Structure formats: C-alpha cells, structure tokens
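Engineer: Provided herewith is a single structure, encoded as structure tokens, for subsequent inquiry.
Here is the structure:
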C-alpha cells in the first residue's frame, strides 16, 4: 500500500479508503486504481487478520481429484479433525493442474482461511512464501513442497516400491514391467528410484524397454501392458506406481488370461475381490491425513518451531481372489 500511495502521489489513508470501498473523490480513485494496476497490488487479508488477531474458523484443503477414494478419505479425516477444533473445512480440487492449484491456493488465502492443507500438483510453491512469512500455516501431504520450506507428511515411496519390486524378484521374476505416471511428480520419481534400486540389489540390469511413464488413466496402463506382453521377450511381472495404473493393468491381464505377477502401489476399494491374486503396497491413509491435519492445528495454535517432514511406513498386502 505504501508503494501504491507513492506511485499515485496520495496518502496511505487514501489508498486504504479506495481498497475498502470507502467514499473518496473519483479523481483520487482513478489515480489509486491506476497505480494498483501498474504495481499488481493485491490486498493481503492475512496481514489484516494478524493485526486484528482474528481467526475465521476455516481451513482450506487442496487435493487432486475428489472422486479418488484416496483423496476422499483424506478430506473425510481432515473434516472430522477440523470439526473437533470448531473449524470448517473448505475442500477444492486442482485436477493435477499447476495453474489451477496456484489460483485456488491464492483464493484460499484471500478468503482468510486460518491454514492450508495441500496435496501439491505443481513444481513451484514459492508463491506462497509471503503468506507463510506473514503467518499462514501450511502443511503439505503425500507430496513435498517445491521452492518452499514448510511442514510435510509423506509416505515412504522409495522404500515401498523397493519392497514391492523386491517381492517380485524374490519370487524369481527377472523381467519386470514398470508402469509409472509423470516423472515430474516427486512421488513417481521416488517410486521409480526404489524400483530400480531393488533390481540392482538383486543383480538385475534395469531394462528401459520395460518402463512406461506418463501414464494417467487406467486405459493407458492397459494399453501399456498389452504392448509389453506383445514383446518377443515379455515381462513375467508388473509393478504399477499407483492404484489407477494397477486397475488398468489388472483389466488387461484378466482379459488375456495372463498369469503375470502384479504388485501395485496404493491399496484400493474392492482390491480383495479382484478376480486374480495381486499384491499392493499399502499404508494408512487415515493416519496420513490425521498427522497432517493435527500438525496444521498445532501451527494455528501458535507452534512456531522449524518445519518438519514426517515419513509414514508402507507394507505389502495380499489382495485378489486365489484360484482354486
């Protein structure tokens, strides 16, 4: 506001009146609005709340896809804990779009929420630095922040995929197809690193021809499995880096009547009823949400200690129906 006042050659009080829609002469309004446009000024409601020491009893949760049971569980747990603190949870979905993520997070801050829970989609969260410096508590979950020092609650992605692929290798498989999402996503990178480390530990040279990346929908995973099975020397096992890819791989393996072994990262609804055996790298989604949400409310209550990163364990779980 000081910069706007200087650019418009008016008093700070005049700028305050204009941005708060208080009566001011039109000529002054025009000068202030022109200065605002030139400087890209945005009123910081967080600072106003800090000055008045007011809280709005709302927190924002940004997830990727509301329809995904993983994120639905996170939202449910966060809402339960928020309610126990007398706070309302506002949930929005980024749809894995970094620009949408940025716009939604900025909207949350302008709505003066008391804190943010974020499952990130983008690769740069430095735009939140000013809000964090002004006192906005932010906790990231499932994926770490990029370009911002903040609390994070994560899964052992590298260790989980290492254990999952290791189980396939222990069963005697040496040609393992790897199905992954976008390599730019930190969880995907970690899961790929863990899978390759398992192969190397078993003395198996990683074969890049068996790796398929940038898969999103189950249908894409199904087509990738089909292409790999059509190779002259096809994989005898598959590792899928998330539940959507596992579902797509299952559909194609079942359609072909293939006996290829399958391990997938993430448990999923009705996995125990799949028409063939498989293994999932499971974890406690409710615990992930609980730890992150409780951490956020610790911050809201005044905890100003250094940001921490909490990593939750994973475990292998048998799923699917065993053939008689």
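Residue numbers (the UniProt record's numbering): 1 to 324.
Heads up, the beta-carbon is just placed ideally off N, CA and C, and yes, glycines get one too.
This one's a predicted model, so the numbers in the text were calculated from it and none came from an experiment.
Does the distance from the CB of residue 87 to the CB of residue 57 come in under 8 Å?
Structural biologist: yes
Engineer: If you follow the alpha helix (DSSP H) that residue 286 is in, where does it begin and where does it stop?
Structural biologist: 285 to 300
Engineer: Just to confirm, are residue 119 and residue 62 a CB contact at a threshold of 8 Å?
Structural biologist: Going by C-beta atoms, residue 119 is nearer than 8 Å to residue 62.
Engineer: Determine the direct distance from the alpha carbon of residue 256 to that of residue 77, and round the result to whole angstroms.
Structural biologist: Here the C-alpha atom of residue 77 lies approximately 39 Å from the C-alpha atom of residue 256.
Engineer: What residue does the beta strand (DSSP E) around residue 170 start on, and which one ends it?
Structural biologist: Premise fails: residue 170 lies in the alpha helix (DSSP H), 157 to 170, not in any beta strand (DSSP E).
Engineer: Please specify which runs of the beta strand (DSSP E), each continuous and at least 3 residues long, are wholly inside the stretch 87 to 122, giving them in chain order.
Structural biologist: 88 to 93, 116 to 118
Engineer: Just grab the DSSP bridge partners of residue 140 for me.
Structural biologist: 118, 152
Engineer: What residue from 27, 21, 22 has the CA that sits closest to residue 10's CA?
Structural biologist: 27
Engineer: For residue 64, collect the residues of the same chain with a Cβ closer than 8 Å to its Cβ; drop the 5 residues on either side in sequence, then sort them by chain order.
Structural biologist: 71, 93, 94, 95, 96, 119, 121
Engineer: Tell me which residue opens and which closes the beta strand (DSSP E) that residue 315 is part of.
Structural biologist: 315 to 319
Engineer: Which value, in whole angstroms, describes the spacing of the CA atoms of residue 327 and residue 166?
Structural biologist: Here the chain comprises residues numbered 1 to 324, so residue 327 is not present and cannot be evaluated.
Engineer: Specify whether the stretch 221 to 237 and the stretch 139 to 159 touch according to this definition: at least 3 beta carbon pairs, one from each stretch, less than 8 Å apart.
Structural biologist: Between the stretch 221 to 237 and the stretch 139 to 159 there are fewer than three inter-stretch CB-CB distances shorter than 8 Å, so the stretches are not counted as touching.
Engineer: Looking only at DSSP bridge pairs, what is residue 212 linked to?
Structural biologist: According to DSSP, residue 212 shares a beta bridge with 179.
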